[in-house]
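Chemist:
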Amino acid sequence: MQALPFRRQMFLLLAERMNQERSIQALYHILTGKKSSQTIQDIKWYDVTYFFRMFPYWKETEFEQETKDMQNNRYIASENNRIIITEKGRSQNETFRCDYRWPPVFNGWLYGKSAAVFWKRTALFVQCLSQTLAGNRRFLPVFEDISVQQWLKKNWPRTIEGKKQTASELFVELRDLLRELDDGDAFLVMNRISGYHLTGQTWTQLSNRLEMSEDECRFRFLSAVHYLLEHADRSSTLVRAASGLAIRDILTETTKKTLRYMNEGHGMEQIARARNLKMSTIEDHFVEIASEQKEFPIGDFVTEDDQRLILHYAKTLQTKRLKVLKEAVSPAEHLDYFCIRLTLAFYGRDDNGQA
Amino acid sequence: MDKLKPFLEHYFGYTTFKDGQRQIIEAVIRGEDVFAMLATGSGKSLCYQFPALWKNGTAIIVSPLLSLMENQVQELKQAGIRRAAAYNSFLSPPEKEYILRHLNDYKIVYISPESLQQPEFASRLQKLDVSLLAVDEAHCISQWGHEFRTDYLRIKEIRRMAGNPPCIALTATAAAEARKDIMEKLELTRPFIHCDSVDRPNIYIDVRKKKNEEEKRTTLQDECSRLPLPGMIYVSSRHKAEELAAFIREENGLKTSAYHGGMSNEDRRLVQQQFLNDEIDVICCTNAFGMGINKPNIRFVIHYHYSKDMESFMQEIGRAGRDGRQSLSLVLFDTADGMLPRRMIEHEFPSEEEVRMVSHDPERPDVVSSRFLLERYGLEEVHARFLQYYIQTWQKTKGAEPLDEFVSAVIERRMEWKLEKLKQKEHWLHQTVQCRRTTLLEVFDEHKTSTVSPCCDVCGEHTMHGQEQHRNTGQQALSWEERLKWILHQ
Ligand SMILES: Nc1ncnc2c1ncn2[C@@H]1O[C@H](COP(=O)(O)OP(=O)(O)OP(=O)(O)O)[C@@H](O)[C@H]1O
Ligand SMILES: [Mg+2]
Ligand SMILES: [Zn+2]
Chain A
1 MQALPFRRQM FLLLAERMNQ ERSIQALYHI LTGKKSSQTI QDIKWYDVTY FFRMFPYWKE
61 TEFEQETKDM QNNRYIASEN NRIIITEKGR SQNETFRCDY RWPPVFNGWL YGKSAAVFWK
121 RTALFVQCLS QTLAGNRRFL PVFEDISVQQ WLKKNWPRTI EGKKQTASEL FVELRDLLRE
181 LDDGDAFLVM NRISGYHLTG QTWTQLSNRL EMSEDECRFR FLSAVHYLLE HADRSSTLVR
241 AASGLAIRDI LTETTKKTLR YMNEGHGMEQ IARARNLKMS TIEDHFVEIA SEQKEFPIGD
301 FVTEDDQRLI LHYAKTLQTK RLKVLKEAVS PAEHLDYFCI RLTLAFYGRD DNGQA
Chain B
1 MDKLKPFLEH YFGYTTFKDG QRQIIEAVIR GEDVFAMLAT GSGKSLCYQF PALWKNGTAI
61 IVSPLLSLME NQVQELKQAG IRRAAAYNSF LSPPEKEYIL RHLNDYKIVY ISPESLQQPE
121 FASRLQKLDV SLLAVDEAHC ISQWGHEFRT DYLRIKEIRR MAGNPPCIAL TATAAAEARK
181 DIMEKLELTR PFIHCDSVDR PNIYIDVRKK KNEEEKRTTL QDECSRLPLP GMIYVSSRHK
241 AEELAAFIRE ENGLKTSAYH GGMSNEDRRL VQQQFLNDEI DVICCTNAFG MGINKPNIRF
301 VIHYHYSKDM ESFMQEIGRA GRDGRQSLSL VLFDTADGML PRRMIEHEFP SEEEVRMVSH
361 DPERPDVVSS RFLLERYGLE EVHARFLQYY IQTWQKTKGA EPLDEFVSAV IERRMEWKLE
421 KLKQKEHWLH QTVQCRRTTL LEVFDEHKTS TVSPCCDVCG EHTMHGQEQH RNTGQQALSW
481 EERLKWILHQ
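Those protein sequences? They're chains A and B, same order as listed.
In this text, residue positions in the first sequence follow full-length UniProt numbering: the first is 1, and each later residue adds one.
In this text, residue positions in the second sequence follow full-length UniProt numbering: the first is 1, and each later residue adds one.
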């Protein structure tokens, strides 16, 4: 069996998880990390947070072309706008899983946004330290974002002794942390860093060196950054680079506004009017809130009996597809799509373990 | 007493001015408009950087390429001049906002002609004390301004908005016609004009015609193993840049990298930095890289595809030998190569079809933005900007002739001019009897006065072979732990 290009392989793994449940487009939103209520529910419900934001740079047109190719080659199919994985696709995944060493962490949902800032801080810190200790004040900083530079100023060791000590501590900390990774992953991290007389390498260069596709290089690198972020407390420098970063900004901005209205006691229709938004949008927001907040008053919207009914069918029919569930619960006519979604979202959360 | 010299030494660390610098700087300080043409690598940047620091207020430097802006800001910062910034489309919104809010804290702000036009920047200019407006690489006005970078033609409007600060235009490569065009388009008033020879005597000029691509490759590989390093290879497509970088890396075992506009901002910076730090032997690039870039020790510039005109060529080979040492320019071409620049020239303009579609659309509003053109007619961005500019120009003529005829006439005129320039370049390439330098200088209305040796493939051989100067043994071999050790000085 022929290996697929890395990102197509990842897409195929995800396709297996979402089989017959969602559209191909929905998978695109997950892989690129779109922050919409729907996508956020999806990744939680199908437990695929670790695919979230895996390829934020994947262009839509390319994605369309590549998934069309995969359909033509019968890895996947699409029926009624839902993705279906074929037997060929499944065995492709099987082969891949057999000998792929998945990195210890990758979680674009938890770390996606903060990892970027964390990395910029770390890389800039190391570069400046390296150059300064070499007595070189003339160099081009790898990152010039003003916020990152301000962080650096605040955390910069003042004295030469301080710098030397930080360098030797950081050396040991990074060495020990990176030793726990595969050699290739540690290599990627170190070669994206610039220092005295050594400039960081581009993705193309690294891909040539490691004979690994650029997509895979970037994925492995990112996962290594997630790993460093997760273990930042093992290094005094890294912990500062991670400070103040919201590990996950839970709700979309617009949903946060709706939540504020909700907390003030406004009903859905009132909110829709006040915010000049469609009812369906406000429903999306409520579903998103339900999926995030333990305190969500689900009972105000769906009775306990109804909740049980919906969860029962979701379990026995092994689906989260709304249409199927709606038909199943149809004798209870008052149960509309919104009720079903709300229930699924609320119990989709791992910490609500009743589902 | 001469106050300029101590200032020069204090801020730039030079003890003397180079030829022409003093006169130009004095004129700028007096507040005159200036047009300066000096050879590549002769120190034109200083001609606006010095007055920028000397005068009160903020100097705005219009610069065509991102890589160039970054290179210059970096050099300034390295010289300890921190109040410099590059304002461009690659900045994030908060970064842009930061620069805008602190505009008058900067002494020097580099900007592209496109960003200069953006309302948020233009509006700040009105409140800013602009010490001078410099247009670096001013030949871009006449080379690109008329088609795909029409914002070059609008600089004069911005200048008026900024309260008519003195304007200085600098270039190393403008033929007579272009010089006139530049001064006109910038509305320089009775400018101080300084033109020096554009010749670069330490660059040997070699042109070789090959039967086909295969032969070109063989020669390229050959030369890369013989010539001293580092060097540059110019090609006209992103794809070719990548391909040749891989080819030279594999065949010659050199450290190579591609550089082109299709790379991410971060990667471009890394490659530029690696090249400036001598971590790359050969860079394969499109014309997104090069203009104005100041790396002293480049030993050769090979054109694997030839440029569209003599001016660009002069510009591109001007990267070589800026330390004054013997260097080389080599053009490799075969008969099929003429296709590429022709296709590129054609592509600079919207098609006839598109022009007609836009002109005859009854629902086209009076004032169109390029965004509108882009979205409504599916035009490419450069074409949209082109049309937007000429629709505006046409409106000023009160629509004496139909829009499509007006635009088509512009296209025809410009296309013809471009093809003329290309033919001039090709004529120069094909002829093998006259000295290359003599004929190259004639384009700029110059006569070769001194004898140069070694000069060119027509006059005689060069002697650069075998000078194993600097070849990278490559830190590639470092393991990650060794790299970590080195970087943190352990
Ligand atoms: N007065 C001076 N004394 C010594 N070196 C100088 C002086 N002025 C400039 N230089 C050096 O000359 C080199 C070339 O300068 P610069 O980049 O300004 O050239 P340029 O004329 O702009 O070339 P191009 O046309 O390629 O843009 C730089 O390394 C600069 O440091
Ligand atoms: Mg210059
Ligand atoms: Zn000659």
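Where a beta carbon is used, it is the ideal one built from N, C-alpha and C, also for glycine.
Which first and last residues belong to the alpha helix (DSSP H) in which residue 67 of chain B is found?
Modeler: 66-78 is the extent of the alpha helix (DSSP H) around residue 67 of chain B.
Chemist: Contact between the segment 173-182 of chain A and the segment 478-488 of chain B is defined here as three or more beta-carbon pairs at a separation below 8 Å; is this criterion met?
Modeler: Short answer: they touch.
Chemist: Give every residue of the same chain whose Cβ lies closer than 7 Å to the Cβ of residue 196 of chain A, excluding the five residues on either side of it in the sequence, and list them in chain order.
Modeler: Excluding positions up to five away in sequence, the list reads 130, 131, 134 and 136.
Chemist: For ligand 2, I want to know if residue 112 of chain B counts as a neighbour, meaning its beta carbon is within less than 7 Å of at least one of the ligand's heavy atoms.
Modeler: Checking the Cβ of residue 112 of chain B against ligand 2 gives no.
Chemist: Spell out a yes or no on whether the segment 69-77 of chain B and the segment 197-217 of chain B are touching, meaning 3 or more CB-CB pairs, one atom from each, closer than 8 Å.
Modeler: Output reads no: the segment 197-217 of chain B does not touch the segment 69-77 of chain B.
Chemist: When you compare the CB of residue 88 of chain B with every CB in chain A, is at least one pair closer than 8 Å?
Modeler: Not one chain A Cβ lies under 8 Å of residue 88 of chain B.
Chemist: Got a sec? Which residues, its chain only, sit under 7 Å from residue 260 of chain B by beta carbon, not counting five neighbours each side?
Modeler: Taken in chain order, the residues that qualify are 238, 241, 285, 286 and 288.
Chemist: In this structure, how does DSSP classify residue 85 of chain A when only helix, strand and coil are distinguished?
Modeler: Residue 85 of chain A falls in the strand class under three-state DSSP.
Chemist: Answer yes or no: do residue 170 of chain A and residue 148 of chain A have a C-beta to C-beta separation smaller than 8 Å?
Modeler: Not a contact, by the Cβ cut-off of 8 Å.
Chemist: By the criterion of Cβ-Cβ separation under 7 Å, what are the contact partners of residue 203 of chain A in chain B?
Modeler: In chain order: 267.
Chemist: Please report how far the alpha carbon of residue 184 of chain B lies from the alpha carbon of residue 154 of chain B, in whole angstroms.
Modeler: Rounded to the nearest angstrom, the two C-alpha atoms are 12 Å apart.
Chemist: If you drop the 5 nearest sequence neighbours on each side, which residues of the same chain put their C-beta closer than 8 Å to that of residue 162 of chain B?
Modeler: Correct list, in chain order: 60, 125, 126, 128, 130 and 133.
Chemist: Are the Cβ atoms of residue 317 of chain A and residue 343 of chain A separated by less than 8 Å?
Modeler: Not a contact, by the Cβ cut-off of 8 Å.
Chemist: Would you be able to state if there are at least three C-beta pairs under 8 Å between the segment 248-255 of chain B and the segment 212-229 of chain B?
Modeler: With the cut-off at 8 Å, the segment 212-229 of chain B and the segment 248-255 of chain B touch.
Chemist: Could you give the distance in angstroms between the alpha-carbon of residue 338 of chain A and the alpha-carbon of residue 37 of chain A?
Modeler: So the alpha carbons of these two residues sit roughly 13 Å apart.
Chemist: Closer than 8 Å, CB to CB, is residue 218 of chain A near chain B or not?
Modeler: Not one chain B Cβ lies under 8 Å of residue 218 of chain A.
Chemist: Quick check: the Cα distance between residue 226 of chain A and residue 227 of chain B, rounded to an integer number of angstroms?
Modeler: If you take the alpha carbons of residue 226 of chain A and residue 227 of chain B, they lie about 45 Å apart.
Chemist: DSSP state of residue 279 of chain A, grouped into three classes?
Modeler: Correct three-state label for residue 279 of chain A: helix.
Chemist: Closest Cβ-Cβ distance between residue 467 of chain B and chain A: below 8 Å?
Modeler: Note that residue 467 of chain B has pLDDT 46, beneath the 50 cutoff, so the model's placement of it is unreliable and no number is given.
Chemist: Nearest-angstrom Cα distance between residue 174 of chain B and residue 444 of chain B?
Modeler: Each residue's alpha carbon lies about 7 Å from the other.
Chemist: Measure the beta-carbon distance from residue 315 of chain B to residue 172 of chain B and round it to whole angstroms, keeping in mind my assumption that it falls under 8 Å.
Modeler: 7 Å between Cβ atoms; contact.
Chemist: Measure the C-alpha to C-alpha separation of residue 274 of chain A and residue 123 of chain B and round it to an integer number of angstroms.
Modeler: Rounded to the nearest angstrom, the two C-alpha atoms are 35 Å apart.
Chemist: Would you mind reading off the limits of the alpha helix (DSSP H) that contains residue 312 of chain A?
Modeler: Per DSSP, residue 312 of chain A belongs to the alpha helix (DSSP H) from 304-316.
Chemist: Measuring CA to CA, which of B:330, B:112 and B:84 is closest to residue 102 of chain B?
Modeler: Ranking B:330, B:112 and B:84 by Cα distance to residue 102 of chain B puts B:84 first.
Chemist: Please list the terminal residues of the continuous beta strand (DSSP E) segment that includes residue 303 of chain B.
Modeler: From DSSP, the beta strand (DSSP E) with residue 303 of chain B extends over 300-303.
Chemist: Residues in its own chain within less than 8 Å of residue 179 of chain A by CB, not counting five upstream and five downstream?
Modeler: 186, listed in sequence order.
Chemist: Buried or exposed for residue 402 of chain B, going by 16 or more other Cβ atoms inside 10 Å?
Modeler: Result: exposed.
Chemist: Check whether the Cβ of residue 480 of chain B lies closer than 8 Å to any Cβ atom in chain A.
Modeler: With 8 Å as the cut-off, residue 480 of chain B counts as an interface residue toward chain A.
Chemist: Any contact of the segment 112-121 of chain A with the segment 20-28 of chain A, i.e. 3+ C-beta pairs under 8 Å?
Modeler: Contact between the segment 112-121 of chain A and the segment 20-28 of chain A is absent, because fewer than three Cβ pairs lie under 8 Å.
Chemist: Got a sec, what are the start and stop residues for the alpha helix (DSSP H) residue 383 of chain B sits in?
Modeler: 381-396 is the extent of the alpha helix (DSSP H) around residue 383 of chain B.
Chemist: In the DSSP assignment, what are the bridge partners of residue 37 of chain B?
Modeler: According to DSSP, which records beta bridges pairwise, residue 37 of chain B is partnered with B:171 and B:195.
Chemist: Quick check on this structure: which residue in A:10, A:333 and A:65 has the alpha carbon closest to the alpha carbon of residue 50 of chain A?
Modeler: Here the closest residue by C-alpha is A:10.
Chemist: Give the range of the alpha helix (DSSP H) segment to which residue 159 of chain A is assigned.
Modeler: It is not in any alpha helix (DSSP H) - residue 159 of chain A carries neither H nor E in the DSSP assignment.
Chemist: Measuring only the C-alpha atoms, how far is residue 424 of chain B from residue 283 of chain B?
Modeler: Roughly 28 Å between the two C-alpha positions.
Chemist: Please report the distance separating the alpha-carbon of residue 270 of chain A from that of residue 15 of chain A.
Modeler: Straight-line Cα distance between these residues: approximately 39 Å.
Chemist: Can you tell me whether residue 289 of chain A is helix, strand or coil according to DSSP?
Modeler: Correct three-state label for residue 289 of chain A: helix.
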